[in-house]
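>
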Amino acid sequence: MIYILNRKHFHLYIEVDFLRAAKSRMGDFMMSDIHQNEIPTTMTTTTSLEALQSSEQRELMDLVDRLRRAGLSTLLQLPQIVVCGDQSSGKSSVLEAITEIPFPRKENLCTRFATEISLRRDIEESISCKINPDETRQDHEMDRLRSFSRTIQDFGELPSLIDEATEAMGLGPSKAFSKDVLCIEICGPNRPQLTLIDLPGLIHASNKSQSEEDVELIKSLVKDYISKQRTIMLAVVSAKNDYANQIILKMCREFDTKGARTLGIITKPDFLRPGSENESTWLDLASNKDIFFEIGWHLLKNRADDQHSISFDQRNLEEQAFFKAGNYTSLPRSMMGVHHLRERLSVLLFDHLRKALPDLEDELNSMLSKTLAELETLGKCRDSLADQRIFLAELATSASNIIRMGCDGIYEAPFFGSIDVDAPVDAQQNFVRLRAVVQHLNIVFADKIRLNGHTFEIEKEYEEIHEDDINHDEPWVTARKRIRKTTQKPIKMRRQQAIKWVNQIQ
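Sequential numbering of the sequence shown, starting at 1252, is according to the numbering used here.
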C-alpha cells in the first residue's frame, strides 16, 4: 500500500513539475511575437527538408513534441499529422517522399500497426525504436512491450529493427494487425522537428490472410486517430482506383465535415491515360470541384515499383518533369510535387499549432489544478523507511483511539459522524457507535430471553389488563410487540396440565 502511494506520489510530482514547465513555456510562447504575428506564406529553404523547419516552427513544434514525449498525449489531444488511406494507396511512398527516409520495402511491413515517425534535430545521426503498447493489453504484456528498445546507426538496419518490433507485438499468421504503436525516432543535424503517424491501410473486404475482425480493427484504429479534432489528416487516394470507392474519403468527411483539417493527396497519376475522361475527372477532384476540402488537394508522383533504387534527388526531378507536361500545366504549381507539399504542410501545421495553443493552455491549467488536488489528497510523501514507520504508527494509534472511543461511548472523532435520530440504533447509518449498538443488542437479547426463552409458559389466573389501559407508545410495549412478531412463542398450558406433564416426566 505504501509502495503504491509513494509511486503515485512520484508520478504526480513529475506530472506537476512538467505541467508547470509546459505551462510556463507555453505562456512565454503565446506572449511572443511569433504567436501574435501572421505566419509567413513563403519561407526560404536551404535543403528540401527545411521547408518544414523555420526557427519559429521548430520552437513551437519542439514545445508540442516535449508534451508528447512526456506522455501527455494520452491526456491531451496534441496536434499531429496522420497519413491515412486504403490499402495500396501509396501512403508509405508519401511518407517516404516527405521525410526522405528510405523505409524498407517489404510487403505488410509498416502497415500492420500504426507507425509514429519522429524526426529530431541533433548533433549525431541515430535511429531508435520503441513500442507504445495498446491500453487494452494485460499489465505484464504492457511492461514487456515498454521494455522494447533498439538503437541503430544506419538505415540499412531498419528492416531487421522493424522485424523485431513486429515479432515483439506477437504478429504472425494468427494475428495480422495490432493496436500497438511502433515509434521510430530519427535524429540528425539536418532533420526537422516533425512527427508523422502512418496508419495501416483500410481493408475493403476480408480474405484468408485478413479476417473480418482485422477489417473492423483497422477501421476502429483509423477512426480513433482522425476523430481527434487536433489531427491533420493526409487522406491518400490512388488514381489507379475509382476515388468514389475509396473508404478513407467517406471516413474523413464523417469526422471533418467542412474539410478544415483534411488535405487530400492524389498518388499514382502516371497511371492515368493522358487526355482521357478519367484523367479529367481526377483533375476536377484535384481542383476541389467534386469533393471539397477547405485545405484542398495535392498531387504526388512517387517512384514506381521498379524505381526504388533511384535517389530522392532523381525521384524529385522525375516528378517535376511529369507535372510540367500535359493537362497538369493547368493546375497551380503549389499543389503538385513533394517540394510544394512540404511547404503546404509547414504552413498548415504551424497555423494549426498556433490556433491550438490557447485551448492547450486552458487544458494544461485544468490538468495542473486537478493533479495538485489529487496530490493533496494523498497527504505528505513518505520516502524513507523511518517516515513510513512513523506513518504506520500514527495510523495504528488513530485506529486504536477510534476503537477506544467506540467502546467508551465517546463519539467525538469525525469517524463517527452525526447520529440519525430518526433511524433505529442498530441501523446502518448509526452502526459505527459501537457501545450504543452493543447495549441496544444486549437489551433486545435480554428481552427476547425473558419473554420467549422458556419452552412452556404456564398460565396463571390473574386479573386481565384491559387493552385500553395499556400505553402502546411505551418502548417496552413496542419492543415486546416487535419481538413477539419475530420470535417463536412458548407453548401455553394450564396449571393442571403442567402438573400432569411434570408427573409424567418423573
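From the three backbone atoms N, C-alpha and C, an ideal C-beta is built for every residue, glycine too.
Predicted, not measured: the structure shown is a model, and the values here were computed from it.
For the alpha helix (DSSP H) holding Ile1653, just list the boundary residues, first then last.
The sequence position of residue 1653 within the sequence shown is 402, counting from 1. Element bounds for Ile1653: Leu1636 to Asp1659.
> Comparing the C-beta of Ala1647 with each C-beta of chain B, is any distance below 8 Å?
This model lacks chain B altogether, as it is built from one protein chain only.
> Could you tell me whether the Cβ atoms of Met1587 and Leu1550 are closer together than 8 Å?
In the sequence shown, the residue the question calls residue 1587 occupies position 336. In the sequence shown, the residue the question calls residue 1550 occupies position 299. The answer is yes: Cβ separation under 8 Å.
> Whole alpha helix (DSSP H) runs in the segment 1471 to 1545 with 4 or more residues, listed along the chain?
List check, alpha helix (DSSP H) in window: 1498 to 1506 and 1528 to 1537.
> Grab me the residues of Asn1578's own chain with a C-beta within less than 8 Å of its C-beta, minus the 5 sequence neighbours each way, in chain order.
Locating residue 1578 in the sequence shown gives position 327, where the first residue counts as 1. These residues qualify, in order along the chain: Pro1525, Gly1526, Glu1530, Ser1531 and Leu1534.
> Report the partner residues of Ser1400 according to the DSSP bridge assignment.
Along the sequence shown, read from residue 1 onward, the residue named residue 1400 stands at position 149. Beta-bridge pairing links Ser1400 to Lys1381.
> Please state whether DSSP places Gly1421 in a helix, a strand or coil.
One-based indexing of the sequence shown puts residue 1421 at position 170. Looking at Gly1421 - three-state DSSP - the assignment turns out to be coil, as it is neither helix nor strand.
> Using CA coordinates, which residue listed in Arg1401, Arg1640, Leu1314 and Cys1335 is at the minimum distance from Leu1485?
Counting from one through the sequence shown, the residue named residue 1485 turns up at place 234. For Leu1485, the nearest C-alpha among the options comes from Cys1335.
> When the Cα atoms are used, what is the spatial distance from Leu1646 to Asp1313?
Looking up residue 1646 in the sequence shown gives position 395. Looking up residue 1313 in the sequence shown gives position 62. Approximately 46 Å, taken between the alpha carbons.
> Check this for me: beta carbons of Trp1548 and Ile1498, under 8 Å apart or not?
To locate residue 1548, count along the sequence shown from 1; it is residue 297. To locate residue 1498, count along the sequence shown from 1; it is residue 247. Cβ atoms of Trp1548 and Ile1498: not closer than 8 Å.
> Just the C-alpha distance for Asp1431 and Ala1490, rounded to the nearest angstrom, thanks.
Translated into positions along the sequence shown, residue 1431 becomes position 180. Translated into positions along the sequence shown, residue 1490 becomes position 239. The straight-line gap from Cα to Cα measures roughly 30 Å.
> Who are the near neighbours of Ile1700 in its chain, counting only those whose CB is closer than 7 Å to its CB and skipping five residues on each side?
As a working mapping, residue 1700 is identified with position 449 in the sequence shown. If we look at Ile1700 and ignore the five residues flanking it on each side, it has no Cβ neighbours.
> Which runs of the beta strand (DSSP E), 3 residues or longer, sit entirely within the segment 1577 to 1641?
None, since the segment 1577 to 1641 contains no complete beta strand (DSSP E) of that length.
> Is the separation between the beta-carbon of Ile1448 and that of Gln1331 shorter than 8 Å?
Taking the sequence shown and counting its residues from 1, one reaches residue 1448 at position 197. Taking the sequence shown and counting its residues from 1, one reaches residue 1331 at position 80. Yes.
> Which of the three DSSP states, helix, strand or coil, is assigned to Asp1316?
Position 65 of the sequence shown, counted from the first residue, corresponds to residue 1316. Reduced to three states, the DSSP call for Asp1316 is helix.
> Compute the distance between the beta-carbons of Asn1383 and Cys1434, then report whether it is under 8 Å.
Reading the sequence shown from its first residue, position 132 is the one you call residue 1383. Reading the sequence shown from its first residue, position 183 is the one you call residue 1434. Cβ distance < 8 Å, so Asn1383 and Cys1434 count as in contact.
> Ordered along the chain, which non-local residues of its own chain (more than five positions away) have a Cβ less than 8 Å from that of Asn1539?
As a working note, residue 1539 is residue 288 in the sequence shown. Excluding residues within five positions, the ones whose Cβ falls inside 8 Å are Gly1547 and Trp1548.
> Would DSSP call Thr1350 helix, strand or coil?
On the sequence shown, residue 1350 is found 99 positions in, with the first residue counted as 1. Helix, per DSSP.
> Report the option in Phe1544, Leu1500 and Asp1493 whose CA atom is closest to the CA atom of Ala1511.
Stepping through the sequence shown from its first residue, residue 1511 is reached at position 260. Nearest C-alpha to Ala1511: Phe1544.
> Taking the alpha carbon of Ala1572 as the reference point, which residue from Lys1552, Gln1558, His1591 and Ser1562 has its own alpha carbon closest?
Within the sequence shown, residue 1572 is the residue found at index 321, counting from 1. It is Lys1552 whose Cα lies nearest to the Cα of Ala1572.
> Less than 8 Å between the C-beta atoms of Ala1365 and Leu1472, yes or no?
Position 114 of the sequence shown, counting from 1, holds the residue named residue 1365. Position 221 of the sequence shown, counting from 1, holds the residue named residue 1472. Their beta carbons are under 8 Å apart, which means Ala1365 touches Leu1472 by this criterion.
> Can the beta-carbon of Gly1452 be found closer than 8 Å to that of Asp1337?
Residue 1452 sits at position 201 when you count from the first residue of the sequence shown. Residue 1337 sits at position 86 when you count from the first residue of the sequence shown. It is a contact, given that the beta carbons lie within the stated cut-off.
> Using the Cα positions of Lys1743 and Val1753, report the straight-line distance between them to the nearest angstrom.
Position 492 of the sequence shown holds residue 1743. Position 502 of the sequence shown holds residue 1753. Cα to Cα, the separation comes out at about 15 Å.
> Since Gly1407 sits in a beta bridge, which residues does DSSP pair it with?
In the sequence shown, the residue the question calls residue 1407 occupies position 156. Note: Gly1407 sits in no beta bridge, so no partner.
> Identify which residue in Leu1500, Asp1634, Lys1519 and Asn1616 has its Cα closest to the Cα of Ser1343.
Locating residue 1343 in the sequence shown gives position 92, where the first residue counts as 1. Per the Cα distances, Lys1519.
> Beta-carbon within less than 6 Å of Ser1379's beta-carbon, same chain only, minus the 5 sequence neighbours each way: which residues are those?
Counting from 1 along the sequence shown, the entry for residue 1379 is found at position 128. Closer than 6 Å at the Cβ level, and outside the excluded window around Ser1379, lie Thr1402 and Glu1436.
> Between which two residues does the alpha helix (DSSP H) containing Glu1569 stretch?
Here residue 1569 corresponds to residue number 318 of the sequence shown, with the count starting at 1. From DSSP, the alpha helix (DSSP H) with Glu1569 extends over Phe1563 to Phe1574.
> If you draw a straight line from the alpha carbon of Asn1458 to that of Leu1500, how long is it in whole angstroms?
Here residue 1458 is taken as the residue at index 207 of the sequence shown, counted from 1. Here residue 1500 is taken as the residue at index 249 of the sequence shown, counted from 1. When rounded, the distance between both Cα atoms is 23 Å.
> Return the chain-ordered ranges of every alpha helix (DSSP H) run that is complete within the segment 1421 to 1468 and spans a minimum of 4 residues.
Those alpha helix (DSSP H) runs which fall completely within the segment 1421 to 1468 and span 4+ residues do not exist here.
> Out of curiosity, what's the CA-to-CA distance linking Lys1751 and Val1695?
By 1-based counting over the sequence shown, the position of residue 1751 is 500. By 1-based counting over the sequence shown, the position of residue 1695 is 444. Looking at the two C-alpha atoms, the distance is approximately 34 Å.
> Could you tell me whether the Cβ atoms of Ala1427 and Asp1465 are closer together than 8 Å?
Here residue 1427 refers to the residue found at position 176 of the sequence shown. Here residue 1465 refers to the residue found at position 214 of the sequence shown. It is a contact, given that the beta carbons lie within the stated cut-off.
> In angstroms, rounded to a whole number, what distance separates the CA positions of Ala1674 and Leu1629?
Position 423 of the sequence shown, counted from the start, is the residue given in the question as residue 1674. Position 378 of the sequence shown, counted from the start, is the residue given in the question as residue 1629. Roughly 34 Å separates the two Cα atoms.
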